[in-house]
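S.K.: Those sequence lines, one after another, are chains A and B. Going letter by letter, the first sequence gives residues 31 to 278 in the numbering used here. Going letter by letter, the second sequence gives residues 1049 to 1250 in the numbering used here. Take a look at this one; I'll ask things after.
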Amino acid sequence: MQHCDPEDLALLALGETPDGVDAASHVEHCELCQAEVRELSRVVTIGRSVGIDDQLVAPPASVWAGIKAELAKDAPEIAGESAAAPASNVIPMPARKRRSWLPTAVAAVMCLVLGGVVGGVIVKSNEGGTPGSPVIVASAALEPVPGGPDPQTTGVAKLELVDGEYVLRVDASGLRTPDGFYEVWMMDPENAGLIAVGSFNANQASATFPVPAGLPITSFNSVDISDEPFDGDPGHSKVSVLRGTLTA
Amino acid sequence: MRSAQPVALLPRESCDTQRVSEQLVADLGRRMVSGDESALEQIYAQWSSLVYTIALRSVRNPDDAADITQAVFVSAWRSRATFDPDAGPISAWLVGITRRRIADHYRAPAKNREFATDQSVEAPTLVEDSESVSVVDRVVLADEISRLGPPTDQVIRLAFYSDMTHSQIAEHLDVPLGTVKTQIRRGLSKMRARLEVTDAAL
Chain A
31 MQHCDPEDLA
41 LLALGETPDG
51 VDAASHVEHC
61 ELCQAEVREL
71 SRVVTIGRSV
81 GIDDQLVAPP
91 ASVWAGIKAE
101 LAKDAPEIAG
111 ESAAAPASNV
121 IPMPARKRRS
131 WLPTAVAAVM
141 CLVLGGVVGG
151 VIVKSNEGGT
161 PGSPVIVASA
171 ALEPVPGGPD
181 PQTTGVAKLE
191 LVDGEYVLRV
201 DASGLRTPDG
211 FYEVWMMDPE
221 NAGLIAVGSF
231 NANQASATFP
241 VPAGLPITSF
251 NSVDISDEPF
261 DGDPGHSKVS
271 VLRGTLTA
Chain B
1049 MRSAQPVALL
1059 PRESCDTQRV
1069 SEQLVADLGR
1079 RMVSGDESAL
1089 EQIYAQWSSL
1099 VYTIALRSVR
1109 NPDDAADITQ
1119 AVFVSAWRSR
1129 ATFDPDAGPI
1139 SAWLVGITRR
1149 RIADHYRAPA
1159 KNREFATDQS
1169 VEAPTLVEDS
1179 ESVSVVDRVV
1189 LADEISRLGP
1199 PTDQVIRLAF
1209 YSDMTHSQIA
1219 EHLDVPLGTV
1229 KTQIRRGLSK
1239 MRARLEVTDA
1249 AL
C-alpha cells in the first residue's frame, strides 16, 4: 500500500485538503498515516493556542548578575573541579581568575568546517579578561566571495558573549568604497535563512552588531557582507563581498 | 529586522548542518558537566528567555519569575553532574528543572498550598497541574517556532495564525508551492520532536 506523502499529512494536520485527492481517503483506512496526522495535529493545536502571553520574554539583566553572585560562593569548589578534571577541549583558567565568575573562552575542537567557505578557525582564550569583557564564542575568517567585487580584502567576524547576550563583531579594513553600502548578514546555509544585522561603513575597520535574542546561532553560522544598492529593497542584493563560517 | 530568501545566493553544503548544530549543543552540555563556567553563560544566553517565560506564565509575577529563573540556573550548575547528554537536550533538562522550581515556589508559602497537589508534594518532578503543563507546552512551542529561523518560522506563523491555505501562503510569499509544503512539514516535525524530548524529561 502506498502511504501518503509526509507533506500531505502535514497539510491534513493543519486542516487543509491536500491536492492529491486520494490522501484523505487513504488516511481514513491507514492507521500508520492516521497516527502521524494525530501527532502533527497535536502540534498544530498547541501551536495555535500560543497566545501573545506565551511569546518569549527575556529575564531582567539582574538575573544573570544574581546567578554569578550566587555561584561565586561556590568558586573554590568550582576551581577545584575544573583543575582536577579538565575536559580535553577546555583551556583551564589561569589560577588568579578561578575565584571569580569570569567566563573564559574555550577551544572547542569540534570541526564545523563546511564546504570551501571556511578560511580558518580562530579561538582565543580571554586572557586579558576583566569583568564584563566579551567572551569569544566563535569566529570566522571572512574570505572574498569568488567572483565578488572585492577579491583582495579579507576580514574576521567574531561572535562574542557580553553579559549573557550575543554580539557579532566584524573587522574588515581595506574594503573598497562600495557601489551602495555594505550590509552584514547572518545566514543559515541549510535552510537558506538570512537575517540582516546591520550596515558596515567601508572606512570603519571594526563594528559590532547585536544578535537578535533567540536567533539559533548554531544554524545561522555563516556571516556574509554584501554590497547593497540604495534601492529601498530590504532583501539581499546577491552581491556578496566577504563570507565565512563561524566555528567554535 | 529584515529577511529574505535569495536561495541562489547560498551554497548548498553537503555537510549536514543540523547534525553539526546538535553537536555544538551537545558540546555545551559536556563543557558544563566538566565545570567550564563559560558554557553556563552560553546556555543562559540561549535558554534564559524560555525558562523565565515559563516561570512568568506559571506564577504570573515578574519578581517571582526572576527568582525562579535564577534558582533554575544555579540548580543547573550545581547539579550539572546529573546532566546526561544522551538522555535528552539541555533545553529539555532545563525545562524539567524549571518545573521543579515552580513546584517549590507553590509549595513554599502556605497561602499557595492549593496549587500543590498531594502528588507533586511527594514527587516534585511531576507537576500534575494540567494548566502548568500546557503553559510549558505552549511556551516551548513559541520558543521552537522562534528557533526555526526564517523562512520556516514565517511559513509556520502564517499557517497557524492566518487564515491562509498553503497555496495562498506560497502566493503571498512569492515562493513555489513545494517550498511552502516542505517548510510546513519541516516546521511541524521539528516542533513535534521538541515536544517529545521536553515531555520525556518530565
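Glycine residues also receive a C-beta, built at the ideal position from the N, C-alpha and C atoms. None of these values were measured; they are calculated from a predicted model.
Whose CA, out of A:93, A:32, A:46 and A:33, lies closest to the CA of residue 1217 of chain B?
M.R.: Residue 1217 of chain B has its Cα closest to that of A:46, out of A:93, A:32, A:46 and A:33.
S.K.: Give me the Cβ distance between residue 1105 of chain B and residue 1187 of chain B, rounded to the nearest whole Å; I'm assuming they're in contact under 8 Å.
M.R.: 6 Å
S.K.: Taking residue 78 of chain A as the query, report the chain B residues whose CB atoms sit under 9 Å from its CB, ordered along the chain.
M.R.: 1208 and 1209
S.K.: So, with DSSP's three-state summary, where would you put residue 36 of chain A?
M.R.: In the structure shown, residue 36 of chain A sits in a helix (DSSP, three-state: H, G or I).
S.K.: May I ask you to report which of helix, strand or coil DSSP gives residue 1208 of chain B?
M.R.: helix
S.K.: Near residue 1123 of chain B, what residues of its chain come up, given a Cβ to Cβ distance below 6 Å and the 5 sequence neighbours on each side ignored?
M.R.: Within the same chain, 1145 come within 6 Å of residue 1123 of chain B by CB-CB distance, once the 5 residues on both sides are set aside.
S.K.: Who are residue 269 of chain A's beta bridge partners in DSSP?
M.R.: For residue 269 of chain A, which the question treats as bridged, DSSP gives no partner whatsoever.
S.K.: Considering Cα atoms alone, identify which of A:95, A:189, A:79 and A:104 is closest to residue 1118 of chain B.
M.R.: A:95
S.K.: Could you tell me if residue 364 of chain A is buried or exposed, where buried requires 16 or more neighbouring beta carbons within 10 angstroms of its beta carbon?
M.R.: A question about residue 364 of chain A goes unanswered here, because the residues of chain A that appear run from 31 up to 278.
S.K.: I want to verify the contact list: residues of chain B whose CB lies under 7 Å from the CB of residue 243 of chain A, in sequence order.
M.R.: 1097
S.K.: Please state whether DSSP places residue 276 of chain A in a helix, a strand or coil.
M.R.: coil
S.K.: What residue range does the beta strand (DSSP E) around residue 230 of chain A cover?
M.R.: 223-230
S.K.: Could you give the DSSP three-state label for residue 1147 of chain B: helix, strand or coil?
M.R.: It is helical.
S.K.: Thinking C-beta only, is residue 266 of chain A closer than 7 Å to residue 198 of chain A?
M.R.: At a Cβ-Cβ threshold of 7 Å, residue 198 of chain A and residue 266 of chain A do not count as neighbours.
S.K.: What are the residues that DSSP puts in a beta bridge with residue 216 of chain A?
M.R.: Partner(s): A:225 and A:253.
S.K.: Spell out a yes or no on whether the region 204-219 of chain A and the region 252-261 of chain A are touching, meaning 3 or more CB-CB pairs, one atom from each, closer than 8 Å.
M.R.: yes
S.K.: In the structure shown, what three-state DSSP assignment does residue 205 of chain A receive?
M.R.: coil
S.K.: Look at the Cβ atom of residue 246 of chain A, then the Cβ atom of residue 1136 of chain B, and state whether they are nearer than 7 Å.
M.R.: no
S.K.: If we define contact as Cβ-Cβ less than 7 Å, is residue 93 of chain A a contact residue for chain B?
M.R.: The C-beta of residue 93 of chain A comes closer than 7 Å to at least one C-beta of chain B.
S.K.: Between residue 1246 of chain B and residue 1143 of chain B, is the Cβ-Cβ spacing less than 7 Å?
M.R.: Yes, the Cβ-Cβ distance between residue 1246 of chain B and residue 1143 of chain B is below 7 Å.
S.K.: Can you give me the start and stop residues for the beta strand (DSSP E) that residue 239 of chain A sits inside?
M.R.: Unbroken beta strand (DSSP E) run through residue 239 of chain A: 236-240.
S.K.: Name the DSSP beta bridge partners of residue 185 of chain A, please?
M.R.: A:172
S.K.: Just to confirm my understanding: we take residue 1128 of chain B, look at its own chain, exclude 5 residues before and 5 after, and list those with CB closer than 7 Å. What are they?
M.R.: 1080 and 1081
S.K.: According to a CB-to-CB cut-off of less than 8 Å, which residues of the region 178-200 of chain A neighbour chain B?
M.R.: 191, 194, 195 and 196
S.K.: What are the start and end residues of the alpha helix (DSSP H) that includes residue 64 of chain A?
M.R.: Run containing residue 64 of chain A: 61-79, per the alpha helix (DSSP H) assignment.
S.K.: Ordered along the chain, which non-local residues of its own chain (more than five positions away) have a Cβ less than 7 Å from that of residue 1073 of chain B?
M.R.: 1137 and 1138
S.K.: When you compare the CB of residue 1143 of chain B with every CB in chain A, is at least one pair closer than 7 Å?
M.R.: no
S.K.: Considering only residues of the same chain and omitting the five flanking positions on each side of residue 42 of chain A, which have a CB-CB separation below 6 Å?
M.R.: 67
S.K.: Is the separation between the beta-carbon of residue 1225 of chain B and that of residue 1237 of chain B shorter than 7 Å?
M.R.: no
S.K.: Any idea if residue 59 of chain A is buried or exposed, counting beta-carbon neighbours within 10 angstroms, 16 or more meaning buried?
M.R.: exposed
S.K.: Does the CB of residue 85 of chain A have a neighbour CB from chain B at under 7 Å?
M.R.: yes
S.K.: For residue 1223 of chain B, which three-state DSSP category applies?
M.R.: Looking at residue 1223 of chain B - three-state DSSP - the assignment turns out to be coil, as it is neither helix nor strand.
S.K.: Could one say the Cβ of residue 88 of chain A lies closer than 7 Å to chain B's Cβ atoms, at least one of them?
M.R.: Among the residues facing chain B, residue 88 of chain A is included, as its CB has a counterpart in that chain under 7 Å away.
S.K.: Give the straight-line distance between the Cα atoms of residue 1113 of chain B and residue 262 of chain A, rounded to the nearest whole angstrom.
M.R.: 42 Å
S.K.: For chain A, is any of its Cβ atoms less than 7 Å away from the one on residue 1146 of chain B?
M.R.: no
S.K.: Do you know how far the Cα of residue 164 of chain A is from the Cα of residue 190 of chain A?
M.R.: 6 Å
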